[in-house]
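Asker: In full-length UniProt numbering, the protein residues as written are 1 to 372. By construction, the Cβ of each residue, glycine as well, lies at the ideal position given by its N, Cα and C atoms.
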């Protein structure tokens, strides 16, 4: 049953996520406790389109500042993570049944379903959309009981489902930082958000970070591991571990000679970044099965996750070399040549979680014995 009252809603702000009809009528749902403004069809189409386009494109300091969430479950997950909702739009009252009314502190609008479903991307739209603030770069908006000394770096991860699953798993294990690099799918993409199931609001995210700046986010005393989704066969291992020193010494000498001859004309020069990366691409990497690796050998663990199609980049290979890291693989039965990137990474993340948990438990046991 719906009862109606007419009053001015003090929560209406002059913000571009809100409607501003001249005659505001506030409704509330008995038993649910959510007040809302009903927008007539004549007021809706053009204004709603503009609001949602603004939310999808709004930027602050060069980065997106708002995001559109679709679906009851995803919106509730975001609210439970203490994300800030700017406005809520729905088309049918039953979608608000058992909705956490106490978490809503923003204008709520009921709009015609045919106008709302234009912006819904699911096959069977539930008829509910929420506009949320994106957390500040590298910050989380909810406190966490546990946090692992673990940074995840996504390299050429282009599939939205894989990215979202990885965000969700990283949040579940208590990852301390989640970094995406150019070439990855937008982490705030709608499909990534749905796969992430609210995980975006539970871990600090640094989005679209350049390789030149990655080193600034790797703590001292860190060990870097890089994943490979392929089965560890001879050909795949050769691709990573086989020394490709042939030509490197000659290339280095040629570069030195070139530098010396150029000194007379333009002074000292350095090997170009492209040449340097090419040399790193030829250097071998140590490879181990994940069950043979001690992920807690240093104070912090960095896991670089490559995409399925393109694998990891030469920049990832360089940063792994520079930090005395190695490549980690998973055993696979004959006939299976590779695993999904998010599956591979999830297995590794929980192995890392297990090892840190065991280490901390053993350290606590040692401390307890000392105090006895």
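Please report the distance separating the alpha-carbon of residue 320 from that of residue 95.
Answerer: So the alpha carbons of these two residues sit roughly 48 Å apart.
Asker: Three Cβ pairs or more, each shorter than 8 Å: is that satisfied between the stretch 192-201 and the stretch 162-169?
Answerer: yes
Asker: Looking at the secondary structure, which residues open and close the alpha helix (DSSP H) in which residue 280 lies?
Answerer: 273-282
Asker: Look at the alpha carbon of residue 432 and the alpha carbon of residue 121, and state the distance between them as a whole number of angstroms.
Answerer: A question about residue 432 goes unanswered here, because the residues of the chain that appear run from 1 up to 372.
Asker: Just grab the DSSP bridge partners of residue 184 for me.
Answerer: Bridge partners of residue 184: none, in fact.
Asker: Mark residue 354 as exposed unless 16 or more other C-beta atoms lie within 10 angstroms of its C-beta, in which case mark it buried.
Answerer: exposed
Asker: In the DSSP assignment, what are the bridge partners of residue 126?
Answerer: Residue 126 pairs with nothing; no bridge assigned.
Asker: Is it buried or exposed, residue 331, if we count other Cβ atoms within 10 angstroms and call 16 or more buried?
Answerer: With fewer than 16 other beta carbons inside 10 angstroms of its own, residue 331 counts as exposed.
Asker: Can you give me the C-alpha to C-alpha distance between residue 342 and residue 287, rounded to a whole angstrom?
Answerer: 20 Å
Asker: So the candidates are 318, 193, 49; which of them puts its Cα closest to the Cα of residue 283?
Answerer: 318
Asker: Leaving out the 5 sequence neighbours to the left and right, which residues in its chain are closer than 6 Å to residue 349 when beta-carbon positions are compared?
Answerer: 169, 173
Asker: In the DSSP output, which residue or residues are listed as bridge partners for residue 40?
Answerer: Beta-bridge pairing links residue 40 to no other residue.
Asker: Does the beta-carbon distance from residue 69 to residue 193 come in below 8 Å?
Answerer: yes
Asker: Is residue 349 helix, strand or coil when you go by DSSP?
Answerer: helix
Asker: Going by CA-CA distance only, name the one from 131, 154, 115 that's closest to residue 84.
Answerer: 131
Asker: Fully enclosed by the stretch 310-363, which alpha helix (DSSP H) runs are 4 residues long or longer?
Answerer: 314-322
Asker: Nearest to residue 214 by CA position, among 186, 273, 152, is which residue?
Answerer: 152
Asker: Comparing C-alpha positions only, which one of 106, 158, 137, 52 sits nearest to residue 116?
Answerer: 52
Asker: Within 10 angstroms of its Cβ, does residue 140 collect 16 or more other Cβ (buried), or is it exposed?
Answerer: buried
Asker: How is the beta strand (DSSP E) around residue 200 delimited, first residue to last?
Answerer: Neither: residue 200 is in no beta strand (DSSP E) and is coded neither H nor E.
Asker: Just list the residues that DSSP pairs residue 305 with in beta bridges.
Answerer: 154
Asker: Taking DSSP as the reference, what is the three-state secondary structure of residue 57?
Answerer: helix
Asker: Can you give me the Cβ contacts of residue 33 inside the same chain, cut-off strictly under 7 Å, excluding the 5 residues immediately before and after it?
Answerer: Its chain contains 101 as the residues whose beta carbon lies nearer than 7 Å to that of residue 33, once the 5 sequence neighbours on both sides are disregarded; these appear in chain order.
Asker: Using a threshold of 8 Å, state whether the C-beta atoms of residue 209 and residue 179 are closer than that.
Answerer: yes
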